[in-house]
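K.L.:
I'd like to ask you about the structure that follows.
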Amino acid sequence: MSRKIYDFDEPISRVGQNSAKWGEEYIGSGRDMLLPFWVADTDFRAPDEVNEALRACVDHGIYGYVRPSASCLQAAASWQQRRHGFQAKPEWITVTPGIDCAMATAVQAFTEPGDKILINTPIYDPFFEVIEKNDRVTVDSPMVLTNGRYEFDWADFEAKIRGCRMWMFCNPQNPEGRCFTEEELRKAGEICGKYGVWMLSDEIHGDIVYDGRKHIPLASLSEEFCGRTITCTSPSKTFSVAGTAASVIFIENEPLRNRFRAALSKNSPGVSCLSLVAMEAAYTCGDDYADQLVAYLQGNRDYILDYLRKYLPQIKPIFPEAMFLVWLDCSGLGLDAAELPDFFKKAGVRLSMGDAYRERSGQFVRLNFGCTRETLTAGLARIRKAVEELVKDN
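Note that UniProt numbering numbers the sequence shown so that position 205 is 205, with each residue one more than the last.
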């Protein structure tokens, strides 16, 4: 059987398509339009099999209430088994309308108002938002930047996990791009086990890792870890289906799973028929697409690293081991934190500012390189021009 080749260089305009990333209210229009490198979705066409399955659903013409089919659940479990070595079972799965919903549901199901929940900043902002909006207390054990790489501060982690009910973390870590090692995951899991702490692992970026690394699901490392972990996954980042809003939540522990589902029933009526169709097609037929996507994105990552080294030494990237996001240290620009948003806006690009992830220096930004090389090249050229003008003026 011949392998299908996907063209990730295909230019597809998302302007006028109700895209949040490309929305006129965020990036403007016409000659003054910013190039968007902020919202973490990709500008690539979804796999052909996904689009064909969605067309068949549309042609049927009825969009009633649905439930995940046995084949859909099996496809999601099988993806974890063959791609990540996680021997998940279909019956462990609860489908939710997005991981943010799943995180909020887990907070409501497994903690009480006033309970403490540990996170490790810088981290994806909904982590602390779902904690605090549900009247729980955020406890932060910040990641430590050591020789250009973010690592856990184990003494601080253990000191602060005492008294917490849950640890919520992101693997790979957004925005830093860490793909955590087995040693790190085991140590964190053992500390949480020591203090009876539930673990929620957001693994939405787990399919996108580089340089031969392997994404390791926390729950795959031991039966004990599996029984204490809520594993959150989704096809959204890998297959350009974020707008279908469906996530796959694995909970092996049956009483825990039942509590989660009871809490979910208070918040969500379920997902759409189109979400489930896209999910099943992606997890059934998406291996070639995922492999080629990772290769293309690794090329984009390497292009960024080389470009910054050659032309923008003032901006230091944190080496992305995973994801299509790069975390950039802009302290070399000599700007105050409050000046960075306006600097990049005048440069003609929209990035995500680091303070959104509770990064304390205010000198970091996040750039999404899940786009065509042409778009990426144009964006970097705009930043280069702005930096050259800044240096000249100073």
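We treat Cβ as the ideally placed atom computed from N, Cα and C, and that holds for glycine. No experiment lies behind these values; they were computed from the predicted model shown.
Can you say whether valine 271 is buried or exposed, counting buried as having 16 or more other CB atoms within 10 angstroms of its CB?
P.N.:
Mapped onto the sequence shown, residue 271 falls at position 271. It counts as buried.
K.L.:
Keeping to the same chain, check which residues put their C-beta closer than 7 Å to that of alanine 77; ignore five residues upstream and five downstream.
P.N.:
As a first step, residue 77 must be located in the sequence shown, where it is residue number 77. Counting only Cβ-Cβ distances below 7 Å, and skipping sequence neighbours, we find Ala88, Lys89, Pro90, Ile93.
K.L.:
Using beta-carbon positions only, say whether arginine 186 and tyrosine 150 come within less than 9 Å of one another.
P.N.:
Indexing the sequence shown from 1 puts residue 186 at position 186. Indexing the sequence shown from 1 puts residue 150 at position 150. No, the pair does not count as a contact, with Cβ atoms beyond the cut-off.
K.L.:
Going straight from the alpha carbon of arginine 366 to that of glycine 16, what length do you get?
P.N.:
Within the sequence shown, numbered from 1, the residue matching residue 366 stands at position 366. Within the sequence shown, numbered from 1, the residue matching residue 16 stands at position 16. Whole-angstrom Cα-Cα distance: 25 Å.
K.L.:
Buried or exposed: where does lysine 310 fall if 16 or more other Cβ atoms within 10 Å of its Cβ makes it buried?
P.N.:
The count along the sequence shown starts at 1 and reaches residue 310 at position 310. The residue in question, lysine 310, is exposed, as its Cβ has fewer than 16 Cβ neighbours within 10 Å.
K.L.:
According to the neighbour-count rule (16 or more other Cβ atoms, all chains shown, within 10 Å of its Cβ), is aspartate 59 buried or exposed?
P.N.:
Within the sequence shown, the letter at position 59 stands for residue 59. So aspartate 59 counts as exposed.
K.L.:
Taking contact to mean at least 3 C-beta pairs separated by less than 8 Å, is the segment 62-74 in contact with the segment 208-227?
P.N.:
Taking 8 Å as the limit for Cβ pairs, the verdict is that the segment 208-227 does not touch the segment 62-74.
K.L.:
DSSP beta-bridge partners for aspartate 329?
P.N.:
Numbered from its first residue, the sequence shown carries residue 329 at position 329. According to DSSP, which records beta bridges pairwise, aspartate 329 is partnered with Lys316, Phe364.
K.L.:
Which whole-angstrom value describes the C-beta separation of valine 107 and isoleucine 119, a residue pair presumed to lie in contact below a C-beta threshold of 8 Å?
P.N.:
Working through the sequence shown from its first residue, we reach residue 107 at position 107. Working through the sequence shown from its first residue, we reach residue 119 at position 119. Actually they are not in contact, since the Cβ atoms of valine 107 and isoleucine 119 sit about 11 Å apart, beyond 8 Å.
K.L.:
Using the beta-carbon count (16 or more within 10 Å), is phenylalanine 258 buried or exposed?
P.N.:
Reading the sequence shown from its first residue, position 258 is the one you call residue 258. Rather than phenylalanine, the amino acid found at residue 258 in this sequence is asparagine. Under this definition asparagine 258 is an exposed residue.
K.L.:
When the distance is taken between beta carbons, is alanine 281 closer than 9 Å to proline 47?
P.N.:
Residue 47 sits at position 47 when you count from the first residue of the sequence shown. Residue 281 sits at position 281 when you count from the first residue of the sequence shown. Yes, they are a contact pair.
K.L.:
Specify, as a first and last residue, the run of the beta strand (DSSP E) that serine 247 falls within.
P.N.:
What you label residue 247 is simply residue 247 of the sequence shown in a count that begins at 1. Unbroken beta strand (DSSP E) run through serine 247: 247-250.
K.L.:
What are the start and end residues of the alpha helix (DSSP H) that includes serine 201?
P.N.:
Taking the sequence shown and counting its residues from 1, the one referred to as residue 201 is at position 201. Where serine 201 is concerned, there is no enclosing alpha helix (DSSP H), although the beta strand (DSSP E) it sits in stretches over 198-202.
K.L.:
Determine the closest residue to alanine 378 out of Asn174, Leu35, Glu24, with distance taken between C-alpha atoms.
P.N.:
Walking along the sequence shown from the start, residue 378 turns up at place 378. The candidate whose alpha carbon is nearest that of alanine 378 is Leu35.
K.L.:
Quick one: what does DSSP say proline 269 is sitting in, helix, strand or coil?
P.N.:
Residue mapping note: residue 269 aligns to position 269 of the sequence shown, counting from 1. Correct three-state label for proline 269: coil.
K.L.:
Thinking phenylalanine 319 and leucine 297 are a contact (beta carbons under 8 Å), I'd like their distance in whole angstroms, please.
P.N.:
As a working mapping, residue 319 is identified with position 319 in the sequence shown. As a working mapping, residue 297 is identified with position 297 in the sequence shown. With 8 Å as the limit, phenylalanine 319 and leucine 297 do not qualify as a contact, their Cβ atoms being about 14 Å apart.
K.L.:
Exposed or buried, valine 391, counting other C-beta atoms within 10 Å across all chains shown (16 or more means buried)?
P.N.:
Position 391 of the sequence shown holds residue 391. Label assigned to valine 391: exposed.
K.L.:
What are the start and end residues of the beta strand (DSSP E) that includes cysteine 170?
P.N.:
Sequence index remark: in the sequence shown, residue 170 carries index 170 (1-based). Segment 164-170, the beta strand (DSSP E) holding cysteine 170.
K.L.:
What is the DSSP secondary structure of methionine 143, reduced to helix, strand or coil?
P.N.:
By 1-based counting over the sequence shown, the position of residue 143 is 143. Three-state DSSP puts methionine 143 in coil, outside helix and strand.
K.L.:
Under DSSP, the alpha helix (DSSP H) around cysteine 232 begins and ends at which residues?
P.N.:
Sequence index remark: in the sequence shown, residue 232 carries index 232 (1-based). Cysteine 232 -> not in any alpha helix (DSSP H); beta strand (DSSP E) instead, spanning 229-233.
K.L.:
Is cysteine 170 near serine 201, with beta carbons less than 9 Å apart?
P.N.:
Stepping through the sequence shown from its first residue, residue 170 is reached at position 170. Stepping through the sequence shown from its first residue, residue 201 is reached at position 201. Against a cut-off of 9 Å, the Cβ pair of serine 201 and cysteine 170 comes out as a contact.
K.L.:
Out of Trp327, Ser361, Leu333, which has the shortest C-alpha to C-alpha gap to tryptophan 38?
P.N.:
Position 38 of the sequence shown, counted from the first residue, corresponds to residue 38. Of the candidates Trp327, Ser361, Leu333, the one whose C-alpha sits nearest the C-alpha of tryptophan 38 is Trp327.
K.L.:
Cβ atoms of alanine 290 and arginine 82: under 9 Å apart, would you say?
P.N.:
Taking the sequence shown and counting its residues from 1, one reaches residue 82 at position 82. Taking the sequence shown and counting its residues from 1, one reaches residue 290 at position 290. Cβ distance not < 9 Å, so arginine 82 and alanine 290 don't count as in contact.
K.L.:
State the start and end residues of the unbroken alpha helix (DSSP H) segment that holds valine 241.
P.N.:
Here residue 241 refers to the residue found at position 241 when the sequence shown is read from its first residue. Counting along the chain, valine 241 falls outside any alpha helix (DSSP H), and DSSP gives it neither H nor E.
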